[in-house]
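Participant: Chains as they are written, first to last, in my numbering: chain A, 174 to 491; chain B, 923 to 1177. Have a look at this one.
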């Protein structure tokens, strides 16, 4: 019997409770979270700020311990050096050593990850070139901008050519060009067979590049799955644009639509489904002088989905 | 393992020597040694001894300050700036991290000692008061003392803030130099609490007075090999024990 390939990340019923402040108030950062990340996929871990994303990543990196449940990376406990040897990690808003140069730091990162001395120089130079940092490679990092630090951060995560790359809010604080470059780097990693796990609160990043997503709200996983499964692809509404509309024809058309917007002789109608579109077409044939010039179906976006869940969590709390 | 520890140590060394704090302290030490010339008129024929004593004391004092000030924030800073996330996500064991930080700081102290001692000998030669090599024994003893003190600084740094850590490390230094008085206090005090605290401090805190051989070298008192070997061994064992405790505490920490 062929055994299933082992998941790269496996989280089973994980909870984390912090005690904070003078009265040791209990804060439940993670509540019974389970997920698996398979080899070769880009997994987006999505949630609003403070949802518990960083807490889960810290547990996966062996920086903190769960209160209950288990987390495994490559089938090993997160603090196992053998697991850590196969992954690269970029924390949120990374900060490095002020008085080291980018090159010195990358050489250190390579050394700590057991990259051989003969390979190190080539790897470091290659990454500096990939991230267009050659000019800044030999100056101390204290004057680096946010974007530059982020580049050093991804370079140190990739220096040992790891199988798994974990990125905490990698696009945070980057300009649109920087975000595009980061997306390219992530997609390139997947194309080379690597697994990428990244957290974000920016929906467009996820929609563009993720194979699967997990949505976490207030420490609870509300949905895990393929984007195509979560966003079923059902058409929620259709926008029909009609030209040459007069006051009389507008009244006739509005009987069919849920919502309308007039601009000059153009009328934008929002309708439920294809049946309504057919009726508008029929009306346009019967009534002279009007013409359908556009039909745009609207599918459910990740944003709609996300907002609905955030609203639901808010209601259940009240 | 060696590669990882030495990598962290080299990183710590580079960070520290490029920091202004270290350079400032070394310059101050040299200024203090040089200014011992000013008090010469007060010394009535003992100037050579006084200049040597002030010079050696300045070397010790400023290295102790470096150990406490740089050592006190050495681990804390990594946590505060979250560089620790990156370091510990690499295949680095936590004890390797602590040992690397310690060895890097010791390398900084060795270099500081060498620079200050070179300046000290230069001052002695310029002043023409004689620069015998056996004064170096006192510097070696300072290095042993620093090995203990730096381990204590790293211990406090691994779980407390730099200011708390510096205050506690300084307290250990201060009490460590009063070991004999503590034992005496424990023997003569009628209060059982004072007795217990004094005995506890005497046995647990390092006995740092043993490392002060400045009067002996300045006055040319001959020293046997055991006067160096035993403190050296004591420093090694004590520092290793403190580092083990630091590693155990650090191992349980959550970030």
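Glycine included, every Cβ here is placed at the ideal spot set by N, Cα and C.
For residue 1163/B, count neighbouring C-beta atoms within 10 Å of its own C-beta (all shown protein chains included) and say buried if the count is 16 or more, exposed if not.
Facilitator: Using a 10 angstroms sphere on the CB of residue 1163/B, the tally of other CB atoms stays under 16, which defines it as exposed.
Participant: Taking a contact to mean a Cβ-Cβ separation below 8 Å, would you say residue 413/A touches residue 444/A in this structure?
Facilitator: Yes, these two residues count as a Cβ contact at 8 Å.
Participant: If you draw a straight line from the alpha carbon of residue 419/A to that of residue 469/A, how long is it in whole angstroms?
Facilitator: When the Cα atoms are used, residue 419/A and residue 469/A turn out to be separated by approximately 22 Å.
Participant: Taking residue 253/A and residue 276/A to be in contact with their CB atoms under 8 Å, please state how far apart those CB atoms are, rounded to whole angstroms.
Facilitator: Not confirmed; about 30 Å, so no contact.
Participant: Tell whether a beta-carbon distance below 8 Å holds between residue 500/A and residue 464/A.
Facilitator: Only positions 174 to 491 of chain A appear in the structure, and residue 500/A is not among them; the question remains open.
Participant: What whole-angstrom Cβ distance do residue 1025/B and residue 927/B have, given they're in contact under 8 Å?
Facilitator: 7 Å
Participant: Closer than 9 Å by beta-carbon distance: list the chain B residues that pair up with residue 318/A, in chain order.
Facilitator: The premise fails here: residue 318/A is roughly 17 Å from chain B at the closest Cβ pair, so nothing lies under 9 Å.
Participant: Cβ of residue 1005/B less than 8 Å from any chain A Cβ?
Facilitator: yes
Participant: Put residue 1177/B into one of helix, strand or coil per three-state DSSP.
Facilitator: coil
Participant: Just grab the DSSP bridge partners of residue 470/A for me.
Facilitator: 411/A
Participant: Would you say residue 1015/B lies against chain A (beta-carbon separation less than 8 Å)?
Facilitator: yes
Participant: Which of the three DSSP states is assigned to residue 958/B in this structure?
Facilitator: coil
Participant: Nearest to residue 1109/B by CA position, among 981/B, 1022/B, 1120/B, is which residue?
Facilitator: 1120/B
Participant: When the Cα atoms are used, what is the spatial distance from residue 364/A to residue 997/B?
Facilitator: 39 Å
Participant: For residue 327/A, which residues of its own chain have a beta-carbon under 8 Å away from its beta-carbon, when the five flanking residues on both sides are left out?
Facilitator: 263, 304, 340, 343, 355, 358
Participant: Ends of the alpha helix (DSSP H) at residue 384/A?
Facilitator: Premise fails: residue 384/A is in no alpha helix (DSSP H) and is neither H nor E.
Participant: Could you say if the segment 1032 to 1046 of chain B and the segment 1129 to 1138 of chain B meet the contact criterion of at least three C-beta pairs nearer than 8 Å?
Facilitator: Here the segment 1032 to 1046 of chain B does not lie against the segment 1129 to 1138 of chain B, with fewer than 3 beta-carbon pairs under 8 Å apart.
Participant: For the alpha helix (DSSP H) holding residue 570/A, just list the boundary residues, first then last.
Facilitator: Given a span of 174 to 491 for chain A in the structure shown, any question on residue 570/A remains unanswerable.
Participant: Please state if the CB of residue 184/A and the CB of residue 208/A are separated by a distance shorter than 8 Å.
Facilitator: yes
Participant: Let me see if you follow: with CB-CB separation under 8 Å, is residue 931/B close to chain A or not?
Facilitator: By this cut-off, residue 931/B is not an interface position.
Participant: Measure from the alpha carbon of residue 883/B to the alpha carbon of each residue in 969/B, 925/B, 1138/B, then state which is nearest.
Facilitator: This structure cannot speak to residue 883/B, because chain B is shown only from 923 to 1177.
Participant: How many angstroms separate the CA atom of residue 380/A from the CA atom of residue 433/A?
Facilitator: 29 Å
Participant: Within the 8 Å Cβ cut-off, does residue 1164/B reach chain A?
Facilitator: no
Participant: Per DSSP, which residues does residue 439/A bridge with? Please list them.
Facilitator: 416/A, 436/A
Participant: Please tell me whether residue 995/B has its Cβ less than 8 Å away from any Cβ of chain A.
Facilitator: no
Participant: When you compare only the Cα positions, how much space is there between residue 471/A and residue 478/A?
Facilitator: 14 Å
Participant: Would you say residue 1008/B faces chain A, with C-beta separation under 8 Å as the test?
Facilitator: yes
Participant: Given residue 970/B, which residues of its chain have a CB within under 8 Å of its CB, disregarding the five upstream and five downstream residues?
Facilitator: 1051, 1052
Participant: Output the distance between the C-alpha atoms of residue 347/A and residue 485/A, rounded to the nearest integer angstrom.
Facilitator: 30 Å
Participant: For residue 1177/B, decide whether its Cβ has a neighbour in chain A, counting only Cβ atoms nearer than 8 Å.
Facilitator: yes
Participant: Determine the burial state of residue 174/A: buried for a count of at least 16 other Cβ atoms within 10 Å of its Cβ, exposed for fewer.
Facilitator: Only weak support is given to the placement of residue 174/A: the predicted model assigns it a pLDDT of 48, under 50, and the question is left unresolved by the model.
Participant: Does residue 264/A have its Cβ less than 8 Å from a Cβ in chain D?
Facilitator: This model lacks chain D altogether, as its protein chains are A and B.
Participant: Going along the segment 308 to 336 of chain A in order, which residues come within less than 7 Å of chain B, judged by CB to CB distance?
Facilitator: 329
Participant: Identify whether residue 174/A lies in helix, strand or coil by the three-state DSSP scheme.
Facilitator: Confidence at residue 174/A is low in this model, with a pLDDT of 48, below 50, so its placement is unreliable and the value that follows should be read with caution. Looking at residue 174/A - three-state DSSP - the assignment turns out to be coil, as it is neither helix nor strand.
Participant: Express the C-alpha separation of residue 983/B and residue 257/A in angstroms, rounding to a whole number.
Facilitator: Taking the straight line from one Cα to the other gives about 42 Å.
Participant: In this structure, how does DSSP classify residue 1082/B when only helix, strand and coil are distinguished?
Facilitator: coil
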